[in-house]
Structure formats: structure tokens, C-alpha cells
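First comes the structure, then the notes that go with it.
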Amino acid sequence: VQLQASGGGLVQAGGSLRLSCAASGSTFSINAIGWYRQAPGKQRELVVAISSGGSTNYADSAKGRFTISRDNAKNTVYLQMNSLKPEDTAVYYCNAQRYQLGRTYDYWGQGTLVTVSS
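Shown next, in the form of C-alpha cells:
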């Protein structure tokens, strides 16, 4: 599975951005796909993920402001981010997971930088 993330950039606080993650390869094997982020000096954290069945898991910081969606025909997942705050500044990584025989396999995109200015 290969993941290509795009859509990051510089935005003012209160603004919006949409990130895209295009998956290729063995996309049929993906059980969940979503977004993580890593701010400077902090650990990578889950933003939101969506399972193959459509269940979503949002971080508390993302609830009410961020929305994940997917276009199965394009093998693409989107992250719509509204009401952005300076604390949302981070490198955002697309992540896909495959579950097999009790193990979880993670695939990562290259990351896209989101900078929110105050």
C-alpha cells in the first residue's frame, strides 16, 4: 500500500484546509485509514480514522471541527479541517492499517505540513 498526502499549507486561525490521501497498491487489504499529526517536540497523535465499514474515531481535539470522508472510486480519503487553531499546526500523516493474523501493519504517507497562524 502506498499513500500520497497533499493539501497542506499556511492558513490563518479560523480558516479551513482540506487534506487528501490517495492510496494505491493493495488497497483492498486496508482495514482502516486516517490521519495522524505530529507537532514540533510532540509525539505523533491520531486525528481521525475511518474503518472499512465506515466507523470513525475522532480525537477530542478534532471533534466538531474536522471531518473525514472517502471516495472509494478514487481510493482517496479527505480530511476537511475547519475553524483551525494555531495548535493544529503540525505535519499531518496519512495512515493505513491492515489487520492480519492478529497483527496490525501500518503504512504511512510522506506527511504534509499544516501551519495555522494566529
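The opening residue of the sequence shown carries number 23 in the working numbering; numbering runs sequentially from there.
Cβ atoms here follow ideal geometry from the backbone N, Cα and C, with glycine treated the same way.
C-alpha gap between asparagine 31 and serine 74, whole angstroms: A small fix is needed here, since residue 31 is glycine in this sequence, not asparagine. Their Cα atoms are separated by approximately 28 Å.
Proximity winner among Leu39, Ala61, Gly56, Gly63, relative to alanine 71 (alpha-carbon distances): Gly56
Classification of threonine 126 by the beta-carbon crowding that lies within 10 angstroms, buried from 16 upward: exposed
DSSP state of asparagine 53 mapped onto helix, strand, coil: coil
Beta-carbon proximity list for asparagine 97, same chain, < 8 Å, skipping 5 on both sides: Ala44, Ala45, Ser46, Thr49
Endpoints, beta strand (DSSP E) assigned at asparagine 79: 78–80
Residue of Asn79, Arg87, Trp130 minimising C-alpha distance to arginine 120: Trp130
Inter-residue Cα distance where the pair is leucine 41 and glutamine 122: 28 Å
For asparagine 94, three-class secondary structure by DSSP: helix
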